[in-house]
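What follows is one structure encoded as structure tokens, with my remarks underneath.
There are 4 protein chains.
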Amino acid sequence: MTNNNLSIFEELESSVRSYVRSFPAVFTKAKGSKIWDADGKEYLDFFAGAGALNYGHNDPKMKEKLVEYIQNDGITHSLDKATEAKGEFLRTFNDVILKPRNMEYRVMFPGPTGTNTVESALKIARKVTGRTDVISFTRGFHGMTIGSLAVSGNSAKRAGAGIPLNNTVTMPYDNFVNEEDSLDYLERFLEDNGSGVAIPAAVILETVQGEGGLNTARVEWLRRVEEICRNWGIFLIIDDVQAGVGRTGTFFSFEEAGLKPDVICLSKSIGGFGLPLAITLIKPEYDKWSPGEHNGTFRGNNHAFITATESLSYWKDDSFEKSIQAKSKRITEFLNRIVEENPDIQGKVRGRGFMQGIASSVEGLSERVASEAFKRGVIMETSGGKDEVFKLFPALTMTDEELEQGFKIIEQSVDAALSVYKQAAD
Amino acid sequence: MTNNNLSIFEELESSVRSYVRSFPAVFTKAKGSKIWDADGKEYLDFFAGAGALNYGHNDPKMKEKLVEYIQNDGITHSLDKATEAKGEFLRTFNDVILKPRNMEYRVMFPGPTGTNTVESALKIARKVTGRTDVISFTRGFHGMTIGSLAVSGNSAKRAGAGIPLNNTVTMPYDNFVNEEDSLDYLERFLEDNGSGVAIPAAVILETVQGEGGLNTARVEWLRRVEEICRNWGIFLIIDDVQAGVGRTGTFFSFEEAGLKPDVICLSKSIGGFGLPLAITLIKPEYDKWSPGEHNGTFRGNNHAFITATESLSYWKDDSFEKSIQAKSKRITEFLNRIVEENPDIQGKVRGRGFMQGIASSVEGLSERVASEAFKRGVIMETSGGKDEVFKLFPALTMTDEELEQGFKIIEQSVDAALSVYKQAAD
Amino acid sequence: MTNNNLSIFEELESSVRSYVRSFPAVFTKAKGSKIWDADGKEYLDFFAGAGALNYGHNDPKMKEKLVEYIQNDGITHSLDKATEAKGEFLRTFNDVILKPRNMEYRVMFPGPTGTNTVESALKIARKVTGRTDVISFTRGFHGMTIGSLAVSGNSAKRAGAGIPLNNTVTMPYDNFVNEEDSLDYLERFLEDNGSGVAIPAAVILETVQGEGGLNTARVEWLRRVEEICRNWGIFLIIDDVQAGVGRTGTFFSFEEAGLKPDVICLSKSIGGFGLPLAITLIKPEYDKWSPGEHNGTFRGNNHAFITATESLSYWKDDSFEKSIQAKSKRITEFLNRIVEENPDIQGKVRGRGFMQGIASSVEGLSERVASEAFKRGVIMETSGGKDEVFKLFPALTMTDEELEQGFKIIEQSVDAALSVYKQAAD
Amino acid sequence: MTNNNLSIFEELESSVRSYVRSFPAVFTKAKGSKIWDADGKEYLDFFAGAGALNYGHNDPKMKEKLVEYIQNDGITHSLDKATEAKGEFLRTFNDVILKPRNMEYRVMFPGPTGTNTVESALKIARKVTGRTDVISFTRGFHGMTIGSLAVSGNSAKRAGAGIPLNNTVTMPYDNFVNEEDSLDYLERFLEDNGSGVAIPAAVILETVQGEGGLNTARVEWLRRVEEICRNWGIFLIIDDVQAGVGRTGTFFSFEEAGLKPDVICLSKSIGGFGLPLAITLIKPEYDKWSPGEHNGTFRGNNHAFITATESLSYWKDDSFEKSIQAKSKRITEFLNRIVEENPDIQGKVRGRGFMQGIASSVEGLSERVASEAFKRGVIMETSGGKDEVFKLFPALTMTDEELEQGFKIIEQSVDAALSVYKQAAD
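Chains as they are written, first to last, in the numbering used here: chain U, -1 to 424; chain V, -1 to 424; chain F, -1 to 424; chain Y, -1 to 424.
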């Protein structure tokens, strides 16, 4: 008899619930890359809160600081008043992240979620440029509130708005149609005054599209986007909510490309511990907000400031980066091998860093792999418009042993999934 | 020499910061209705996180449960997977709040902020009805993301969108133009097929408009709105983000009116401790979401589930309600006395329960009162389109002694503010 | 056997055809207020092309000038090149209409239909003010292209757009809700910065709403609208497409009220002969168009210039106005008598000048009256959201005898329609 | 001393006037391809009312019929009542145009201008499909009212709307970016559910883009567009307002490609004589209009019915088509020769049939050619986003002699324009 009783969720929670359907268990505890359910069953986490748990679950140092803060009656909720915890975060973020990268930005607290930072980024771009339209890219995902949804590609989620989503134009992401010309195309539209596309306030993009199927933009493509933005006086907004905070091997996902975005959106792992937090980085010359022009109740989540500040210790030297990069290589190698050894997958390795996966042309296969993995104690999800990608998204702190253990189970899951398909085909 | 050094905020934080300008101190600790700054100065909190701290700061029982949970490595972040903490919250919310009120609703976790719940409410109303427009009311405030902003009245905040806000029609709130006919007007627009106003998907409203200036709708007005919604098959959405969770004297603000909203939006104090949480309550027959049709990274904030569950202990019998109502009366009496004894304020008492204040016709006076109060150790804010209202918004757990102490300081602040005005007039 | 064979229309014309259903005959000739069908049956025209034939059919002098022009190979089509015919029209319009009324306006040729002039009026208002929204009034009708439809009230026609109609706000026309406050309401929305209604680019209105049911704004209401526009820097656009060119007793419908609109829309009878023509009058200081910023193929309809110029002869002294006004009185008296003597109609006289009718509360009665009239040789139509008004809309040149003859038939038609209703009720 | 006095236009006409600036004369008479100004100066018309005068000015037979009709007091204005003249037009259009081409369509009279037919086409597509978006193409031009403007590409004209133009997506026209993939691109957007582009109600296009710079779609491109529309259940709307009625060598411009559009828009020369008329052809199965759902005052322009019916005599056998095609060749040959012999033009021949021209990469050259031609007695205009094309747009009835005479003058004008440029360069 299991203790994983889901009846309370079935009775009382809205039908919109989703992950509970893929991972039907009641989870109770978690530590590092391990999670346990109500039966005490242990799972290896290759999901990491969709990128909100880059440092794993309940990191001991952050936990210690947080408990200490709470026990001392530190301010919990502060709107956008000044608190010690917030001041400390600002100072540390500047010292550890911005200054060493020669980045000068103002930090905005737009509310604690990814969609809050995107909405604030779009607003400031429109305010400063005085223009209305925003260019986004195919398969981009930026959030579920109307402003962010308008720049997201997924048709089912867009339809969920129930109203037309306006003031946006979708352009082809790198490799969307074919290799050469997705930016030729964008440039033609901008330069031709009969193109029907007005010069936009901003271009918004993810350097790797986590939800869109781990599509990755090449460095030269990113650089050319930035150049186009400069030429036309368009804001470049990098949505680093999922790809940022180390997931691609550097703190920001665009460091290799050397971009200087006008606005950067961060959330998910910026809080360190999985607590709601988001920040919007704005170049000082564009920080033209009036006081309170954008606001929100949970901008000042001090628990998250405490853990966020502590999490930045990981970035005080380059050892963490190097470890991520080394492990990323192993993930790539593993996935390449799986694709090569299993031609039946009809697979392609996608993504980079700790956001890699395999896109399979076999309908339903990737979902099957994920559900086989869950049975075997690995939590992983799929992404892409048709869930065609199974996605390795572990915490950046996952140990080599855990990685290997996960690889083994994932390989078994691929085999199991394929055998189901072969049976069906026979 | 003060420790309230704000330079880090001035250097690094975006110019959008706002409350730090009204309350220029660095806060460090808080307990119940008291807050301390870096110099150890004590403040009495008549602001309560704009309604996010209805149970005061760092309630000892919630704190105990939270620390225990963290120390045991309870799941922190879970997206919308099932966790023990979430299950416990659902069960308790149903047992303590919904069932005793004969309310049957599905609970949706739309993301942890007020604007998330409003956006989700608008989406489900549009989906179920197949219509696009939403009717909101003058001076309503529902959030800062584009969907919520479109149904908010404040012109400066609307302009901040940088794009036209569509698919909404604003109707006059109770007493906006004059006493009799604001709903006659609404009905005329609905019934006349030449009115230019289509039958909307939903009507959204606050029973007391916290941000809009503590405007209060009468019970009979609210009932007639509900009746109109029923007659025309329009969703009634009550945004109880600020007025809910006890602030008006009952758990929901519409209990006296006996409304049965189709959708209810809750956030702010629903988490109990000031941690980000929001829920959307939907009548079961309208819970037509597809899985994942609306989602978000921080839907499963388990720390908030723990404190939210504990906070519901306040509601297990009617003693808390009675205490709120008794204290509300004292607030009303105090404010009435202030208005009567100070005709120079040209004031009117507005609001109900623990969200009352005085609207002054003297330009700038209310802001002056608030800043005088801050000097004297009381934190309170203003609201309304011209900040014409100074607003008493204490925690519902504030003691009688603290209330009295606050009243005294507020009265002194009114005197001080008025004397400044009289000097200016001389 | 009739020659009124409609089969070719039923076979080949779109189902959108409409008047052919109310007036099922094939018309062949027309002169003054008389029309003949293929069987030679004569009809008295109380419809006048919905206001496009204010001078009746085929006015002899205009006809003479037109034939002469054609026979001399005068330019027919000229886009917006200069032609003698166009120059003559401009000169005459200025001399006969504008100057004597102390009106200084630039004349724009926006394309030959009512909706063209409205679209151009909205564009110039938005351009000059830099604002997007336009306030229109309940039951207003301004045209069927998307820009004009967005400021029109009729719900079925709006739905026909197939897309949300944005950037407009509908306010209550005079007497829409009750007598006193429709402009109090408008002013409250403008002055309150929490009303959700932005200061608009323009207010657009008809002084009498022809399609909306012959609703008439009082002089003092119109003046207050103008005052509000002045106070807030809002363009006042009078759509005089139907009520202008003499229909209310003066050339412009707003002469009694003494308005000085920023933009005036004219079409329908401005061409004199029923030929497509429209003009937009713009105060010189607001004529900020770039060349060609608005254009169209049929702006230069020279045949219409010829007849339009000739038609202005009617306005060289005040005899025509006086005659319209005298006959208007007779129409009012007739309609008042009908209402009084036939309480079963539950009727109210609506409108003014040569656009009057009776609104009947009896469902379907007005349509019945119109169809009975058609049987008896009078062409008249209904208007209003539920076709509740039967509408006397004769040419301004209709003789007293024809008027009397029409009155007689209309009275018979009312009797006939009522008797049908009484039979049904028995 | 000239009689071409433009002062009345400068004083009284809006600054929006445009062609009068390029062709500064007062025109008085016209016959065939000749126009005369107030000084009696004769011009050869290579402009033909931008395609509204395909049969030249004041065609003798149409003129005769028209004068006769007027003299007999034929109905002039009839809204959408049945008239003999309209019935005759419907019958003749079906017999002469539709039936011989195996085309079955319902004829809608949407108002007398090009933008009216486009607005009606978009409405019916949205109504029948229940979708909102429409795909148009780069550099397309469909009209100046908001609905049509939303599907037009020109940025200056779009900006003139003063509001965002929504519910449309612009795709690259044939050869806009490069040769191969403009439809691959369209298909990728349709098939990928993460593309941000919803399946549209309709695709609207011109087979040759008259205003957009004489860009011509290849037959195979057009066929593939149609195939894509069929595959996805999208309405194919061909806007043949400018390219139709013979201008490309066949009555409809898509006859060579063999398209079967769901909706066809015709205006300009459909009236034959330059009188305002437009029709919308709708496949019978999609003619789902409710009566009066789209309407307008000047739908029934009987003068235009008379001339339109007469104009169809040109199409009773294939001699007219053959003559157009033969002359088209001569135009092509002439333009090719000009380009070859004048490398300094940096020119490319664009367009087909009687809508050809030369696109010059030399800034301002094409406008110079047009103004030199005007001095020499030829009226021609430029087109394209930067007016880079000078455009030969004669009546289809222009004689060989007139063509030759025009060619000669145009060649001289090219020489003159080039010499100005060379002088400037020296």
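Built from N, CA and C at the ideal position, the CB exists for glycine as well.
Inset, instruction - Quick one: give me the first and last residue of the alpha helix (DSSP H) that residue 326 of chain U is part of. - result: 317 to 339
Legend entry - 8 Å Cβ cutoff, residue 168 of chain Y in contact with chain U: yes
Inset, instruction - Give me whichever residues DSSP pairs with residue 388 of chain Y in a beta bridge. - result: Y:356, Y:380
Inset, instruction - Report yes if the CB atom of residue 364 of chain F is closer than 8 Å to the CB atom of residue 386 of chain F, and no otherwise. - result: yes
Legend entry - Complete beta strand (DSSP E) runs within the stretch 228 to 262 of chain U (minimum length 3 residues, chain order): 233 to 237
Legend entry - Members of the stretch 244 to 266 of chain V that neighbour chain U once the beta carbon cut-off is set at 8 Å: 265, 266
Legend entry - Minimum Cβ-Cβ distance from residue 357 of chain F to chain Y less than 8 Å: no
Legend entry - Paired residues, beta bridge with residue 202 of chain Y - DSSP: Y:235
Inset, instruction - Give a yes or no on whether 8 Å exceeds the smallest Cβ distance from residue 323 of chain U to chain V. - result: no
Inset, instruction - Just the chain Y side, please: which residues come within less than 9 Å of residue 136 of chain U by C-beta, in chain order? - result: 186, 187, 190, 192, 193, 194, 195
Legend entry - Residues that DSSP places opposite residue 135 of chain Y in a beta bridge: Y:169
Legend entry - Secondary structure of residue 301 of chain F, DSSP reduced to three states: helix
Inset, instruction - Out of Y:422, Y:332, Y:95, point me to the one whose CA is closest to residue 307 of chain Y's CA. - result: Y:95
Legend entry - Three-pair Cβ contact test at 8 Å for the stretch 46 to 54 of chain V versus the stretch 259 to 275 of chain V: yes
Inset, instruction - Determine the direct distance from the alpha carbon of residue 117 of chain F to that of residue 295 of chain F, and round the result to whole angstroms. - result: 15 Å
Inset, instruction - Please confirm if residue 364 of chain V has its CB atom under 8 Å from at least one CB of chain F. - result: no
Inset, instruction - Using only the heavy atoms of the ligand HEM, determine whether one of them is closer than 7 Å to the beta carbon of residue 247 of chain V. - result: With respect to the ligand HEM, the structure offers nothing, as it holds no ligand at all.
Inset, instruction - Verify the CB distance criterion: does residue 293 of chain V have a CB-CB separation below 8 Å to chain F? - result: no
Inset, instruction - Could you name the residues of the stretch 300 to 313 of chain Y whose beta carbon sits closer than 8 Å to any beta carbon of chain F, in the order they occur along the chain? - result: 301
Inset, instruction - Please confirm if residue 230 of chain V has its CB atom under 8 Å from at least one CB of chain U. - result: no
Inset, instruction - Kindly confirm or deny that the stretch 134 to 143 of chain V and the stretch 298 to 306 of chain V touch, where touching means at least three C-beta pairs closer than 8 Å. - result: no
Inset, instruction - May I ask you to report which of helix, strand or coil DSSP gives residue 346 of chain U? - result: strand
Legend entry - Minimum C-alpha distance to residue 31 of chain Y - residue among Y:90, Y:176, Y:56: Y:56
Inset, instruction - Please decide whether residue 165 of chain Y counts as near chain F, where near means a Cβ-Cβ distance under 8 Å. - result: yes
Legend entry - Top-ranked residue by Cα proximity to residue 14 of chain Y, from F:45, F:82, F:106: F:106
Legend entry - Ranges of the alpha helix (DSSP H) found wholly within the stretch 38 to 73 of chain U, counting only runs of at least 4: 46 to 49, 58 to 69
Legend entry - Cβ of residue 182 of chain F within 8 Å of any chain V Cβ: yes
Inset, instruction - Report the partner residues of residue 21 of chain U according to the DSSP bridge assignment. - result: Its beta-bridge partners do not exist; DSSP assigns none.
Legend entry - Per-residue contacts from residue 287 of chain Y into chain F (C-beta, under 9 Å): 12, 13, 14, 15, 158
Legend entry - residue 152 of chain U, buried or exposed, once every other Cβ within 10 Å from all chains shown has been counted against 16: buried
Legend entry - Same chain, Cβ closer than 7 Å to residue 358 of chain U, neighbours up to 5 away in sequence not counted: 343, 344, 345, 364, 386
Legend entry - When Y:81, Y:328, Y:349, Y:413 are compared against residue 399 of chain Y, the one with the closest alpha-carbon: Y:328
Legend entry - Alpha carbon of residue 109 of chain V to alpha carbon of residue 290 of chain V, nearest angstrom: 12 Å
Legend entry - Assigned exposure category for residue 74 of chain Y - 16 Cβ within 10 Å defines buried: buried
Inset, instruction - Kindly list the residues whose CB is nearer than 7 Å to the CB of residue 40 of chain F, restricted to its own chain and excluding five residues on each side of it in sequence; keep chain order. - result: 32, 34, 375
Legend entry - Sufficient close CB pairs (3 or more, under 8 Å) joining the stretch 254 to 270 of chain V to the stretch 227 to 244 of chain V: yes
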